[in-house]
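Residue numbers (numbering that gives the first Met the number 0): 0 to 279. Where is the CB? At the ideal position from N, CA and C, for every residue including glycine.
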Amino acid sequence: MLYLGCHLSSAGGFAAMGKTALRLNANTFQFFLRNPRGGAAKDIRADDVREFIALAEKNGFGKILAHAPYTLNPCSKDASIREFARNVFADDLKRMENIPGNLYNFHPGSHVGQGTAVAISQIVEILDEVMPGAAHTTVLLETMSGKGSEVGSTFAELAEIISRAKINAPEKLGICLDTCHVFSAGYDIVNNLDGVLAEFDRTIGLNRLHAVHLNDSMTEFASHKDRHERLGHGTIGKEALIRFINHPALKGIPVNLETPNELPGYAEEIAILRQSYTQD
Ligand code: FE
Ligand code: FE
Ligand code: ZN
């Protein structure tokens with residue numbers, strides 16, 4: 000089963016996102032629990048959640064993916080920014096308990112000059128504080144492109160963070176792989192997809208891969224930039240992205256588009272991918 004969707008606005012609540020997903024022929028989606036800049040979260044209404052869960056069950060949805068605010072930086076040099084990250088992270092995980100059994104994705108952050116070693120310790124420290132609150136949620140670190148001083152652009156860094164966290168069973172702590180980011184980080188998913196996934200398996204473990212962001216890239220291989228492109232309009236290309244979703248290692252893992260599109264553009268990309276999906 001291909002669980003495929005895209006990033007949706009959460010302004011109308013969960014049931015509204017579910018209905019929008021159905022219109023796009025999606026059976027999963029990604030959303031923000033709060034303003035992506037990190038502002039106040041919207042209240043979660045029990046009736047809205049009930050309506051969404053019924054819709055998701057009836058239509059065979061896969062897990063849905065909440066994305067942490069972009070401003071959440073667990074490895075900032077500035078202690079008050081780390082404190083903000085911890086509070087938002089903890090509060091988001093508490094909210095996720097209203098929609099149990101789903102996924103929460105965050106960017107490991109940017110070390111802004113402190114170096115990777117210090118940053119990794121700070122990320123692990125925050126994970127140790129917030130993970131006990133993730134009783135029914137799988138927390139995911141996103142693979143990053145390595146722009147600026149981003150942490151998490153290598154599988155080794157992500158594996159180190161995971162292995163040092165106290166609560167780190169594969170069903171509790173895992174990875175969201177962003178195709179644009181890994182390609183920009185220097186993992187050649189165009190010419191060596193098997194090799195990249197084998198390296199992922201050796202370093203992190205494919206049992207930790209719980210979600211995919213499917214994006215083409217505006218920039219060249221190993222550019223360490225983060226510029227998403229519509230499918231087939233970038234340096235990765237449509238064929239490679241179709242090969243990616245059809246890879247046996249990806250079976251059953253929710254795939255979400257974060258391409259620069261409005262809803263009709265997402266619907267078109269979803270249609271193309273569904274037509275090109277050859278697994279059962
Ligand atoms: Fe992201
Ligand atoms: Fe992403
Ligand atoms: Zn990105």
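In this structure, His110 lies away from Lys146, with their beta-carbon atoms at least 9 Å apart. Under the Cβ criterion (8 Å, minimum of three pairs), the stretch 217 to 226 does not count as touching the stretch 10 to 29. Under DSSP, Ile174 takes part in a beta bridge, and its partners are Leu140 and Leu208.
A direct Cα-Cα distance of roughly 13 Å separates Ala266 from Lys18. By the Cβ criterion, the stretch 121 to 129 is not in contact with the stretch 200 to 208, since fewer than three pairs of Cβ atoms, one from each stretch, lie closer than 8 Å.
In this structure, the straight-line span from the alpha carbon of Arg229 to that of Asn260 is close to 7 Å.
For Ala155, the closest of Asp193, Thr115 and Ser275 by C-alpha to C-alpha distance is Thr115. Counting of Cβ neighbours within 10 angstroms places Ile166 among the exposed residues, the total staying below 16. Residues Val129 and Gly132 of the same chain have their beta carbon placed closer than 6 Å to that of Ala89, with the five preceding and five following residues left out of the count.
Between ligand 3 and the CB of Ser148, the shortest heavy atom gap is not smaller than 8 Å. A distance criterion of 8 Å places the beta-carbon of His209 beyond contact range of ligand 1, judged by its closest non-hydrogen atom. Separation of the CB atoms of Leu3 and Val254 is rounded to 5 Å, and the pair is thereby assigned contact status at 8 Å.
Listed in chain order, the alpha helix (DSSP H) runs fully inside the stretch 79 to 166 are 115 to 129 and 154 to 163, counting runs of at least 4 residues. In this structure, the alpha-carbon of Leu256 lies about 12 Å from that of Ile244.
Every residue whose Cβ sits closer than 7 Å to any heavy atom of ligand 3 is listed here in chain order: Ser144, Asp177, Cys179, His180, Asn214, Asp225, His227 and Glu257. Taken atom to atom, the span from the alpha-carbon of Asp200 to that of Met16 is near 33 Å. Secondary structure at His6: strand, using DSSP grouped into helix, strand and coil. Per DSSP, His232 has no beta bridge partner at all. Collapsing the DSSP output to three states places Asp279 in coil.
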